[in-house]
Amino acid sequence: MADPNDRILIVGAGIAGAATALALAPLPVLVVAPTGVSADAATTLAQGGIAAALGPDDDPTLHAADTHAAGAGLCEAEAVARVTAEGPAIIARLAALGIRFDTDESGALALGLEAAHGRSRIVHANEDATGRAVLEGLIAKARIAPHISRRADLVAVRLEAEDGRVHGLWCRDHGGRLVHLSGRAVVLATGGIGGLYASTTNPRSAVGSGLAMAARAGAVLRDLEFVQFHPTAIATASDPMPLATEALRGAGAILVDETGARFMADVPGRELAPRDVVARAIHDRIRGGHRVFLDARPALGAHFARHFPSVAQLCRTNGIDPERDAIPVRPAAHYHMGGIKVDGTGRTSLAGLYACGEVASTGLHGANRLASNSLLEALAYAQWIAADIAHRQAHAPVAASAAPADGPPAGIEAVRALMESHVGVVREGDGLRRALRLLAPRMAQDDAALVAGLVTLGALERTESRGGHFRADHPATGAPRHSEITLPAAAARLAAHAEHALREAV
Numbered sequence: 153m154a155d156p157n158d159r160i161l162i163v164g165a166g167i168a169g170a171a172t173a174l175a176l177a178p179l180p181v182l183v184v185a186p187t188g189v190s191a192d193a194a195t196t197l198a199q200g201g202i203a204a205a206l207g208p209d210d211d212p213t214l215h216a217a218d219t220h221a222a223g224a225g226l227c228e229a230e231a232v233a234r235v236t237a238e239g240p241a242i243i244a245r246l247a248a249l250g251i252r253f254d255t256d257e258s259g260a261l262a263l264g265l266e267a268a269h270g271r272s273r274i275v276h277a278n279e280d281a282t283g284r285a286v287l288e289g290l291i292a293k294a295r296i297a298p299h300i301s302r303r304a305d306l307v308a309v310r311l312e313a314e315d316g317r318v319h320g321l322w323c324r325d326h327g328g329r330l331v332h333l334s335g336r337a338v339v340l341a342t343g344g345i346g347g348l349y350a351s352t353t354n355p356r357s358a359v360g361s362g363l364a365m366a367a368r369a370g371a372v373l374r375d376l377e378f379v380q381f382h383p384t385a386i387a388t389a390s391d392p393m394p395l396a397t398e399a400l401r402g403a404g405a406i407l408v409d410e411t412g413a414r415f416m417a418d419v420p421g422r423e424l425a426p427r428d429v430v431a432r433a434i435h436d437r438i439r440g441g442h443r444v445f446l447d448a449r450p451a452l453g454a455h456f457a458r459h460f461p462s463v464a465q466l467c468r469t470n471g472i473d474p475e476r477d478a479i480p481v482r483p484a485a486h487y488h489m490g491g492i493k494v495d496g497t498g499r500t501s502l503a504g505l506y507a508c509g510e511v512a513s514t515g516l517h518g519a520n521r522l523a524s525n526s527l528l529e530a531l532a533y534a535q536w537i538a539a540d541i542a543h544r545q546a547h548a549p550v551a552a553s554a555a556p557a558d559g560p561p562a563g564i565e566a567v568r569a570l571m572e573s574h575v576g577v578v579r580e581g582d583g584l585r586r587a588l589r590l591l592a593p594r595m596a597q598d599d600a601a602l603v604a605g606l607v608t609l610g611a612l613e614r615t616e617s618r619g620g621h622f623r624a625d626h627p628a629t630g631a632p633r634h635s636e637i638t639l640p641a642a643a644a645r646l647a648a649h650a651e652h653a654l655r656e657a658v
């Protein structure tokens, strides 16, 4: 029987978690996720593909240049170079696992075009269901891998850390009882924070649980204020909101208002401008009293369902026929560029703690993620994390500390409403201060309020506009800088803001 102190604990079962678990073979792995290793993850909602420089007119350096341009000055050069160079090898590894990517009439990989890419380099599987196809392929391997165990009955709530080293997890079972798990390393693969917003394409459960665990353990977090709002969520009452993939605009779909006016026509890049530019244009149009539609009829017409079957089904479920009707759209929280700061091996500032996927801040995305770079990033770092763990010796067992105490959660709907109103596509100081004032009293005990408060604090203190962070009261862009924070530093800065607000009030 394997020594529990020698196993690796992985929290999360999307592509980041599943790929890391497989890459760690033959080391023993325990995956902790309410669904175990399954297709019930944010990954399955990913309609985009995987960006890889595979075309005859393409090269990883061109992919890197597009990534830097989208990242608005905050991409880390080494991370960008390594990840984009890895793209072709990642596609080859996935194909070797049996994942069938879409091909053209000649049998070559079909390479799609998406916003802010200078070349057609997006690889898809099952047309617009790439995330699900890749995850299902990884799951099939994980379920039969002898080194992987699963605990679907547990929800991770706290990291077990001592003297700057993480050596286990505290979890809750279905009955609310605390359960301690020990391990030589912990990999957080918990996804993003879209569930903190009332309008999101993410599962409601994506409320930054991994960020909260890392913050409470003392890890360094980076660039939390940078949230990407997908421009074209389908405007329905669904929660999460269904997504009209970027690839539709790559295929020629255009943005119009209810009068038929194509309002992106004079914007550089038009509908294929960076996501933050398109999202703000749609946001401003809606704030001006208009409705916005994605019109694919001229470009795709009767061929819509053949090329975009998932979107076609989502539309029809919501009473829209995309072959005859323009699709109503609006921006929604989609991806978090910020996260737990990691190095090139996925290591955080705490020994024994790694982060992979959206929960991590690798330096790849900068202030604005380039479309279809997220799955690529997760798959690359899964390999590098596994290699680093394999070359490190297991540490001596440490006795579990006292079980953590946690209070009642804040009302998540109140948090979502605050974030939607004040920390959305367009932000300004008064709204950010109001949100922070309401969130701060809840942050000590409630994880969702903690993450929302840290994002808001970062947005308030970044008095410029850059990438996914736009301040109406500070529209200019300053010198590039990262924002890093720990929980003790955040507490001090919150106190300073509260004192300043008090002085302003008297």
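If you count the sequence shown from 1, position 330 lands on 482 in our numbering, and the numbers rise without skipping.
Ideal Cβ positions, reconstructed from N, Cα and C, are used throughout, including at glycine.
Check your understanding: Excluding the five sequence neighbours on either side, which residues of its own chain have a C-beta within less than 6 angstroms of the C-beta of isoleucine 243, listed in chain order?
Key -> What you label residue 243 is simply residue 91 of the sequence shown in a count that begins at 1. Ala204 and Val275.
Practice item. Below 7 angstroms CB to CB, which residues in the same chain sit around threonine 608 once its five sequence neighbours on both sides are set aside? Key: Looking up residue 608 in the sequence shown gives position 456. If we look at threonine 608 and ignore the five residues flanking it on each side, its Cβ neighbours are Val575, Leu584, Ala587, Leu588 and Leu591.
Review point. Under three-state DSSP, which class holds histidine 543?
Key: For the purposes of this step, residue 543 is identified with residue 391 of the sequence shown, where counting begins at 1. In this structure, histidine 543 counts as coil in the three-state DSSP scheme.
**Study point:** Secondary structure of glutamate 314, DSSP reduced to three states
**Key:** One-based indexing of the sequence shown puts residue 314 at position 162. Three-state result, glutamate 314: strand.
Practice item. Whole angstroms is fine: what's the gap from proline 186's alpha carbon to valine 359's? Key: Numbered from 1 along the sequence shown, position 34 holds the residue referred to as residue 186. Numbered from 1 along the sequence shown, position 207 holds the residue referred to as residue 359. Distance between the alpha carbons of proline 186 and valine 359: 14 angstroms.
Practice item. Taking threonine 514 and alanine 231 to be in contact with their CB atoms under 8 angstroms, please state how far apart those CB atoms are, rounded to whole angstroms. Key: Taking the first residue of the sequence shown as 1, we reach residue 514 at position 362. Taking the first residue of the sequence shown as 1, we reach residue 231 at position 79. With 8 angstroms as the limit, threonine 514 and alanine 231 qualify as a contact, their Cβ atoms being about 5 angstroms apart.
Check your understanding: If you follow the alpha helix (DSSP H) that glutamine 380 is part of, which residue opens it and which one closes it?
Key -> Translated into the one-based positions of the sequence shown, residue 380 becomes position 228. Not the alpha helix (DSSP H): glutamine 380 falls in the beta strand (DSSP E), residues 379-386.
Practice item. Starting from the Cα of proline 593, find the closest Cα among His543, Leu646 and Arg432 and give me that residue. Key: If you number the sequence shown from 1, residue 593 lands on position 441. It is Leu646.
Point to revise | Element boundaries [beta strand (DSSP E), containing phenylalanine 445] | key: Here residue 445 refers to the residue found at position 293 of the sequence shown. Run containing phenylalanine 445: 444-447, per the beta strand (DSSP E) assignment.
Point to revise | Secondary structure, alpha helix (DSSP H): runs of 4+ residues fully inside the stretch 452-489 | key: 456-459 and 461-469
**Study point:** Reference leucine 527; option with closest CA among Ala267, Pro212, Asp256 and Ala285
**Key:** Reading the sequence shown from its first residue, position 375 is the one you call residue 527. When only C-alpha atoms are compared, the closest one is Ala285.
Check your understanding: Whose C-beta lies closer than 6 angstroms to the C-beta of alanine 337 among residues of the same chain, with five residues either side of it excluded?
Key -> One-based indexing of the sequence shown puts residue 337 at position 185. Ile160, Gly504 and Ile541.
**Study point:** Inter-residue Cα distance where the pair is arginine 482 and glycine 619
**Key:** Walking along the sequence shown from the start, residue 482 turns up at place 330. Walking along the sequence shown from the start, residue 619 turns up at place 467. One C-alpha to the other measures close to 18 angstroms.
Review point. If we ignore side chains and look at the alpha-carbon of each, how far apart do alanine 444 and phenylalanine 415 end up?
Key: Here residue 444 is taken as the residue at index 292 of the sequence shown, counted from 1. Here residue 415 is taken as the residue at index 263 of the sequence shown, counted from 1. Reading off the sequence shown, one finds valine at residue 444, where the question assumed alanine. Valine 444 and phenylalanine 415: Cα-Cα distance of roughly 10 angstroms.
Check your understanding: What first and last residue would you give for the alpha helix (DSSP H) that runs through aspartate 599?
Key -> Counting from one through the sequence shown, the residue named residue 599 turns up at place 447. Element bounds for aspartate 599: 599-613.
Point to revise | Contacting residues, own chain, Cβ-Cβ under 6 angstroms from isoleucine 637 (five flanking each side not counted) | key: Here residue 637 corresponds to residue number 485 of the sequence shown, with the count starting at 1. For isoleucine 637, where only same-chain residues beyond five positions count, the Cβ hits under 6 angstroms are Leu373.
Practice item. Starting from leucine 265, trace the alpha helix (DSSP H) both ways and give me its first and last residue. Key: As a first step, residue 265 is located in the sequence shown; it is residue number 113 there, counting from the start. Here leucine 265 belongs to no alpha helix (DSSP H), and DSSP marks it neither H nor E.
Point to revise | Rounded Cβ spacing between threonine 384 and alanine 396 (contact assumed at less than 8 angstroms) | key: Here residue 384 refers to the residue found at position 232 when the sequence shown is read from its first residue. Here residue 396 refers to the residue found at position 244 when the sequence shown is read from its first residue. With a Cβ gap of about 4 angstroms, threonine 384 and alanine 396 count as contacting.
Check your understanding: Quick one: Cα of serine 462 to Cα of aspartate 256, how far?
Key -> Residue 462 sits at position 310 when you count from the first residue of the sequence shown. Residue 256 sits at position 104 when you count from the first residue of the sequence shown. Cα to Cα, serine 462 sits roughly 19 angstroms from aspartate 256.
Check your understanding: Is it buried or exposed for isoleucine 406, if we count other Cβ within 10 angstroms and need 16 for buried?
Key -> As a first step, residue 406 must be located in the sequence shown, where it is residue number 254. With 16 or more other Cβ atoms within 10 Å, it is buried.
Review point. Can you give the Cα-Cα distance for arginine 271 and arginine 401, rounded to whole angstroms?
Key: Position 119 of the sequence shown, counting from 1, holds the residue named residue 271. Position 249 of the sequence shown, counting from 1, holds the residue named residue 401. For arginine 271 and arginine 401, the distance between alpha carbons rounds to 14 angstroms.
Review point. So the beta strand (DSSP E) arginine 303 belongs to, where does it begin and stop?
Key: Here residue 303 refers to the residue found at position 151 of the sequence shown. Residues 300-303.
Check your understanding: For proline 632, which of Val429, Arg432 and Thr615 has the nearest alpha-carbon?
Key -> Locating residue 632 in the sequence shown gives position 480, where the first residue counts as 1. Ranking the options by Cα distance to proline 632, first place goes to Thr615.
Exercise for review: Please name the residue, chosen from Val578, Val419, Gln597 and Tyr533, that lies closest to alanine 484 on a Cα-to-Cα basis.
Suggested key: What you label residue 484 is simply residue 332 of the sequence shown in a count that begins at 1. Closest option to alanine 484, Cα to Cα, is Val578.
Review point. When DSSP labels each residue in this structure, what does glycine 328 get in the three-state scheme?
Key: Taking the first residue of the sequence shown as position 1, residue 328 is located at position 176. Here glycine 328 sits in coil by DSSP.
Practice item. Taking only the alpha-carbon atoms, compute the straight-line gap between alanine 308 and valine 408 and give it to the nearest angstrom. Key: Along the sequence shown, read from residue 1 onward, the residue named residue 308 stands at position 156. Along the sequence shown, read from residue 1 onward, the residue named residue 408 stands at position 256. In a straight line, the C-alpha of alanine 308 is about 44 angstroms away from that of valine 408.
Practice item. Taking 8 angstroms as the cut-off, decide whether the C-beta atoms of isoleucine 537 and valine 339 are in contact. Key: To locate residue 537, count along the sequence shown from 1; it is residue 385. To locate residue 339, count along the sequence shown from 1; it is residue 187. Yes, these two residues count as a Cβ contact at 8 angstroms.
Review point. Quick one: what's arginine 623 bridged to in DSSP?
Key: Locating residue 623 in the sequence shown gives position 471, counting from the first residue. Arg579 and His626, per the DSSP bridge assignment.
Exercise for review: Report all residues from its chain with a CB closer than 6 angstroms to the CB of isoleucine 564; omit the five preceding and five following residues, and keep chain order.
Suggested key: In the sequence shown, counting from the first residue as 1, residue 564 sits at position 412. These residues qualify, in order along the chain: Ala600.
Check your understanding: Taking Cβ to Cβ, would you say serine 635 is nearer than 8 angstroms to glutamate 613?
Key -> To locate residue 635, count along the sequence shown from 1; it is residue 483. To locate residue 613, count along the sequence shown from 1; it is residue 461. Yes; because the gap between Cβ atoms is below 8 angstroms, this pair is in contact.
Check your understanding: Between the Cα of alanine 262 and the Cα atoms of Asp447, Gly250 and His459, which residue gives the shortest distance?
Key -> Residue mapping note: residue 262 aligns to position 110 of the sequence shown, counting from 1. The residue with the shortest Cα to Cα distance from alanine 262 is His459.
Exercise for review: Evaluate threonine 195 with the Cβ neighbour count: other Cβ atoms within 10 Å of its Cβ, from every protein chain shown; 16 or more gives buried, anything less gives exposed.
Suggested key: Indexing the sequence shown from 1 puts residue 195 at position 43. Bear in mind that a pLDDT of 47 at threonine 195, under 50, signals an unreliable position, so the number given afterwards is only what the model happens to contain. Threonine 195 is buried by the Cβ-count criterion.
Review point. Given that a residue counts as buried once 16 or more other Cβ atoms are within 10 Å of its Cβ, and exposed if not, what is histidine 215?
Key: As a working note, residue 215 is residue 63 in the sequence shown. Burial call: buried.
Check your understanding: Near alanine 191, what residues of its chain come up, given a Cβ to Cβ distance below 7 angstroms and the 5 sequence neighbours on each side ignored?
Key -> As a first step, residue 191 is located in the sequence shown; it is residue number 39 there, counting from the start. With a pLDDT of only 45 at alanine 191, under 50, the local geometry of the prediction cannot be trusted, and the value read off the model is given with reservation. Only Arg284, Leu287, Glu288 and Ile291 meet the Cβ criterion.
Check your understanding: For tyrosine 506, which three-state DSSP category applies?
Key -> Along the sequence shown, read from residue 1 onward, the residue named residue 506 stands at position 354. Looking at tyrosine 506 - three-state DSSP - the assignment turns out to be strand.
Check your understanding: Is alanine 341 closer than 8 angstroms to valine 181 when the C-beta atoms are compared?
Key -> For the purposes of this step, residue 181 is taken as the residue at position 29 of the sequence shown. For the purposes of this step, residue 341 is taken as the residue at position 189 of the sequence shown. Their beta carbons are not under 8 angstroms apart, which means valine 181 does not touch alanine 341 by this criterion.
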